[in-house]
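Colleague: Residue numbers for the sequence shown follow our numbering, beginning at 6 and rising by one. All C-beta atoms, glycine included, are put in the ideal place defined by N, C-alpha and C. Sharing a structure below in structure tokens format, with a few things to ask.
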Amino acid sequence: MSHHPRSARLAAVAASLALVITGLAASPAAADAGPVEAGITVPKVENLAADFISGVDVSSAIALEESGVVFRDAAGQPADLFDVLADAGVTDVRVRVWNDPFDAAGNGYGGGDNDVAHAVQIGKRATDAGLGVLVDFHYSDFWADPAKQKAPKAWAAETLAEKAVAVNDFTTDALEELKIAGVDVQMVQVGNETNNAVAGVSGWDGMAQIFSAGSAAVRAVFPSALVAVHFTNPESSGRYAGYAANLASRGVDYDVFASSYYPYWHGTVTNLTSVLKNVADTYGKKVMVAETSWAYTLEDGDGHGNVIDLPSEATEYPVSVQGQADAVRDVIQAVANVGTAGIGVFYWEPAWLPVGPPSALDANKALWEAHGSGWASSYAGEYDPDDAGQWYGGSAWDNQALFAHDGTPLESLHVFAYARTGAVAPREVTAVAPVNLTVAEGDALALPATVTVSYNDGSSETQPVTWSDAAKWIDGPGTYSIAGVTASGLAATATLVVAQKNLLRSPGFEGDNGAWTKTGGGLTIGAWDDPRAGERSAHFWAANAYSFTLSQRVDAVPAGSYVVRGALQGDGEDAASSVRLIVSSASGEASVPFSMDGWRNWSAPTSAPIDVPAGGSVTVTVTATLSGGAWGTIDDIELVRATPTGVDTSALAAALADAEAIETSGHTPATAAALQAAIERAHIVLSADAPSRTAVDAATTALAGAVDGLLVLDAAARAPGRGILSHDNGWDTGLKDGAYTVRMNLWWGENATKLRLFENGERIATAALGYGGVGAQSAEIPVTGKKNGVYVYTGELVNSKGTTALQPVTVTVTDASPGKPVLSHDDKDGDGTYTLTADLWWGTNATSYRFYEGATLIGEGALVAATPGAQRATLSVTGATRGTHTYRVVFANDAGAATSKDLAVTVRG
């Protein structure tokens with residue numbers, strides 16, 4: 006192996022950190038001796054070897070730069086990405102290699118379009134920056150992972166032996182190109198996350214031949230480079246031990262057993278150390294983490310959704326820059342704890358930034374397609390129709406980058422350097438641990454009295470918490486969020502899942518599985534493989550075509566309508582394969598298929614409901630017919646009551662959106678708190694799986710009342726003075742027509758900030774008033790559309806000190822209906838062609854008209870009201886028959902209608 010100046014570079018980086026932060030010259034030894042002051046806290050990693058690899062995978066870099074992404078240094082100035090990485094303490098760069106990630110027309114599949122040529126570009130720039138290079142061969146034309154290990158297009162029809170030769174040739178040619186370019190290749194990966202297959206080859210005998218072919222090529226071109234194999238799912242008991250044993254028994258030549266480790270999915274770091282150390286100690290291999298990451302935000306940066314975007318998906322560490330540093334530091338420590346065999350950690354895609362903001366989505370899509378800077382382009386659909394073909398788009402990783410969206414490095418990028426020196430920052434809260442509870446419907450709800458508060462120095466403490474009383478509005482199954490406040494004023498959140506009662510025993514195969522009956526082969530109940538939740542699953546796989554059933558009978562079922570639902574993930578099936586979920590009883594049967602969409606892409610169907618009489622029996626069955634090599638897991642099977650159809654909640658949702666848009670900082674604390682309580686109540690009601698009409702209506706009313714009850718902060722010394730109400734009905738138009746203005750006047754006295762107006766005891770309007778001490782105040786409320794009758798108006802003036810009733814006023818409406826129209830015609834010659842004209846010369850105006858001949862409607866239209874002005878409507882008549890025709894017209898408005906006298910027209914011709 007060519008000498009890689011990793012130790013010297015790390016010492017230089019540590020020294021520069023100390024120099025920048027303290028302003029003093031420091032030797033490498035001194036810089037490594039103690040923690041540096043920083044914006045984040047990183048405890049020094051114990052027993053970290055001088056040549057420990059601090060790596061990153063930046064395979065998307067070229068495509069991003071071609072899309073206009075600019076990387077910057079810590080000062081915010083444009084800089085070369087690889088220099089920025091090296092200055093931050095990174096020692097090595099990993100780059101993935103796909104065989105042919107292009108269609109026949111040369112359009113790239115995306116994800117960086119990482120062919121050999123791209124790898125050479127990235128490798129050369131890394132080498133120029135003093136960084137070592139890990140070459141990651143996927144032996145595929147696009148993404149390879151446990152769910153997808155598709156052979157390259159060129160190898161699709163080849164035999165195993167032919168593929169092995171092709172692997173050796175491709176690896177040799179690619180490495181030769183890298184060697185000619187002067188790339189400092191330190192390590193080569195022969196496959197990526199090859200749990201189930203590699204290059205389209207499954208089964209250990211065949212996979213071993215592929216690994217060995219790639220390894221032989223590495224030994225021939227870069228004899229000093231390390232050869233790595235790569236797997237994932239360290240959380241599964243016995244998995245890595247089994248993989249290493251299979252590699253050893255087949256004589257695969259390799260140096261490094263590499264693992265992916267993402268804290269979201271892969272268990273504890275203690276377990277990671279344990280399973281890697283077992284491989285290292287048993288087989289004398291080096292071990293490392295080839296991929297890890299953590300999110301610093303849940304916000305999306307480019308309009309394409311992220312892999313991790315919900316708080317419930319990221320609970321192991323705070324979602325923050327400090328959380329990123331904590332996560333990476335713990336992974337480094339976990340690998341270092343293996344001993345000298347633990348050689349390094351690579352962070353996956355820390356520079357996969359947005360090419361533009363979400364608001365520029367259309368422009369972003371064009372860049373993703375043109376340069377391959379998204380995770381997949383539409384062109385990838387020909388090769389990967391089920392995943393890329395449906396979900397192609399941008400970066401699903403931008404919230405896990407170690408750079409801000411503008412290309413400036415986050416301080417978490419320095420975690421590799423800080424891990425060597427330690428770093429300290431002023432102590433501050435990094436997270437209040439969220440509370441997550443699941444209870445069965447009907448069980449008592451009890452939230453904890455304390456929550457855990459974490460700090461950036463790694464310490465934590467429990468604090469008492471006071472929860473909102475919004476939980477009292479929970480009604481039925483759903484997922485509910487309850488807010489709380491700790492004793493020190495920190496916000497806390499509890500997520501409460503009220504689950505439907507599941508009538509099945511051991512639905513997740515975690516404990517006593519005696520209730521389940523299986524037939525056929527290939528199925529293991531209570532397996533450790535890939536559970537959806539918990540630690541166990543029902544796992545299936547067989548080398549040859551196979552079938553099985555898995556069933557459970559439940560007796561004495563309460564009367565009702567029931568459905569069955571479950572979850573399955575897997576792949577490798579052929580067109581004739583089928584896995585179905587069935588629920589049956591004496592009254593009938595319902596069946597629904599599972600789909601097999603790949604690793605961790607869970608299919609979770611729900612059957613149609615079946616009715617069960619009181620005391621009846623129900624049988625739930627999974628039936629499968631599968632091709633050889635098809636694999637997967639089944640988990641979380643439920644037999645539950647069918648969810649009733651919920652009522653329309655759109656009005657409540659709209660009212661909630663309006664209420665949440667109100668800025669309450671200028672309102673009295675009591676009324677702002679009342680609005681917040683109403684908002685929380687609305688959220689609870691909307692979070693129910695099937696909200697009731699009563700709950701929705703009550704929450705809507707409560708929200709409206711809380712909004713109306715908001716009081717502006719003012720300087721009032723007492724309740725408002727007593728104002729009076731007046732009106733202009735009859736004075737504005739000369740008609741008591743039902744359209745008028747009610748006016749409030751406070752001639753002098755303590756001002757109000759709000760007027761409430763009531764009509765016959767019901768509130769019809771609320772108006773905000775500007776507080777002005779004791780000066781005059783007034784407000785006008787327009788009233789329209791009142792029918793003839795008597796209307797009593799009352800009101801109240803409100804400020805922060807109280808409420809004062811207004812002097813009432815009574816309005817009598819007698820002229821609400823339109824005035825009576827007059828009908829005329831111009832048929833002077835009696836020829837049957839004429840115009841009917843309806844005139845309202847003066848009076849309450851109409852908003853519509855209708856012409857009748859006898860009892861038949863012959864014309865209608867709208868009128869513009871401008872009481873008391875004149876109105877006219879006309880109707881043309883042609884071809885009237887000989888004789889007398891009788892017409893009338895009706896003018897109408899919301900209050901009523903007026904009809905003209907009959908008009909007779911005689912046609913003589």
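Does the beta-carbon of Arg723 have 16 or more other beta-carbons within 10 angstroms, so that it is buried, or is it exposed?
Modeller: exposed
Colleague: Would you mind sorting Val535 into buried or exposed? The rule is 16 or more other CB atoms within 10 Å of its CB.
Modeller: Correcting the residue type first, residue 535 is Asp in the shown sequence and not Val. Buried.
Colleague: Could you check what DSSP says for Arg537 in three-state terms: helix, strand or coil?
Modeller: coil
Colleague: Given a cut-off of 8 Å, decide if Asn804 and Ala721 are closer than it, judged by their beta-carbon atoms.
Modeller: The beta carbons of Ala721 and Asn804 sit closer together than 8 Å.
Colleague: Is it right to say Glu685 is buried, meaning 16 or more other beta carbons lie within 10 angstroms of its own, or is it exposed?
Modeller: buried
Colleague: Considering only their Cβ atoms, is the gap separating Val814 from Tyr798 smaller than 8 Å?
Modeller: yes
Colleague: With DSSP as the reference, label Tyr384 as helix, strand or coil.
Modeller: helix
Colleague: Is the distance from the Cβ of Glu167 to the Cβ of Val429 below 8 Å?
Modeller: no
Colleague: Going by the CB atoms, is the gap between Lys759 and Ala773 shorter than 8 Å?
Modeller: yes
Colleague: In chain order, which continuous runs of the alpha helix (DSSP H) of length 4 or greater are located wholly inside the segment 433-487?
Modeller: The segment 433-487 contains no whole alpha helix (DSSP H) run of 4 or more residues.
Colleague: For the putative contact between Thr673 and Leu680, defined by C-beta atoms under 8 Å, what is the C-beta separation to the nearest angstrom?
Modeller: That belief does not hold up - the Cβ atoms of Thr673 and Leu680 are roughly 11 Å apart, past 8 Å.
Colleague: Are there 16 or more other CB atoms within 10 angstroms of the CB of Thr275, so buried, or fewer, so exposed?
Modeller: exposed
Colleague: With DSSP as the reference, identify every bridge partner of Asp915, one or two as the case may be.
Modeller: The requested residue 915 is not part of the displayed model; the chain covers only 6 to 914.
Colleague: Give me the Cα-Cα distance between Thr817 and Lys741, rounded to the nearest whole angstrom.
Modeller: Cα-Cα distance, rounded: 7 Å.
Colleague: Going by DSSP, what residues sit across from Ala770 in a beta bridge?
Modeller: Leu762
Colleague: Look up Lys792 in the DSSP assignment and say whether it is helix, strand or coil.
Modeller: In the three-state scheme derived from DSSP, where H, G and I count as helix and E and B as strand, Lys792 is classed as coil.
Colleague: Return the chain-ordered list of same chain residues with a C-beta closer than 8 Å to the C-beta of Thr27, the five sequence neighbours on each side being excluded.
Modeller: Reliability fails at Thr27, whose pLDDT of 38 lies under 50, so the model's placement of it is uncertain and no value is given.
Colleague: Check whether the Cβ atoms of Asn461 and Thr435 lie closer than 8 Å to each other.
Modeller: yes
Colleague: Which residues in the same chain as Ala34 place their Cβ atom closer than 7 Å to its Cβ, once the five residues preceding and following it in sequence are excluded?
Modeller: Unreliable positioning characterises Ala34 in this predicted model, as indicated by a pLDDT of 36, which lies under 50. The coordinate reading is nonetheless provided below. Closer than 7 Å at Cβ, skipping near neighbours: no residue.
Colleague: Can you name the residues that DSSP bridges to Thr164?
Modeller: Thr164 pairs with nothing; no bridge assigned.
Colleague: Give me, in chain order, the residues of the same chain whose beta-carbon lies closer than 7 Å to that of Ala84; leave out the 5 immediate sequence neighbours on both sides.
Modeller: Phe76, Arg77 and Asp78
Colleague: Fully enclosed by the segment 659-705, which beta strand (DSSP E) runs are 3 residues long or longer?
Modeller: none
Colleague: Does the pairing of the segment 60-70 with the segment 449-459 give three or more beta-carbon distances under 8 Å?
Modeller: no
Colleague: Count the C-beta pairs between the segment 267-281 and the segment 335-353 that are closer than 8 Å, then say yes if the count reaches three, no if not.
Modeller: yes
Colleague: On the premise that Gly513 lies in contact with Val538, defined as a C-beta separation below 8 Å, what is that separation, rounded to the nearest angstrom?
Modeller: As written in the sequence, residue 538 is Ala, which differs from the Val given in the question. Yes, they are in contact, since the Cβ atoms of Ala538 and Gly513 sit about 6 Å apart, within 8 Å.
Colleague: Where DSSP assigns a beta bridge to Val343, which residues make up the other side?
Modeller: Beta bridge pairing from DSSP links Val343 with no other residue.
Colleague: What distance in whole Å lies between the Cβ atoms of Arg570 and Pro610, which are believed to be in contact at a cut-off of 8 Å?
Modeller: 7 Å
Colleague: Contact defined as beta carbons within less than 8 Å: I believe Val921 pairs with Val326. What is the distance between those atoms, to the nearest angstrom?
Modeller: The shown model of the chain, from 6 to 914, leaves out residue 921, and the question about it has no answer.
Colleague: Whose C-beta lies closer than 7 Å to the C-beta of Asp480 among residues of the same chain, with five residues either side of it excluded?
Modeller: Ala693, Ser697 and Ala700
Colleague: Could you round the C-beta distance between Thr4 and Ser556 to whole angstroms and report it? I think they count as a contact, below 8 Å.
Modeller: Here the chain comprises residues numbered 6 to 914, so residue 4 is not present and cannot be evaluated.
Colleague: Bridge partners of Ile948, per DSSP?
Modeller: Summary: the structure shown does not reach residue 948, with the chain confined to residues 6 through 914, and so no result is reported for it.
Colleague: Measuring only the C-alpha atoms, how far is Val360 from Asp305?
Modeller: Each residue's alpha carbon lies about 12 Å from the other.
Colleague: Distance check for Asp367 and Thr904, CA to CA, integer angstroms please.
Modeller: 59 Å
Colleague: Can you name the start and end residues of the beta strand (DSSP E) that Phe421 belongs to?
Modeller: It is not in any beta strand (DSSP E) - Phe421 instead sits in the alpha helix (DSSP H) that spans Val420 to Thr426.
Colleague: Please say whether Ser589 and Thr630 have beta carbons closer to each other than 8 Å?
Modeller: no
Colleague: What residues in its chain sit with their C-beta under 6 Å from that of Ala757, if we drop five residues either side in the sequence?
Modeller: Excluding positions up to five away in sequence, the list reads Pro725, Leu774, Leu802, Val803 and Asn804.
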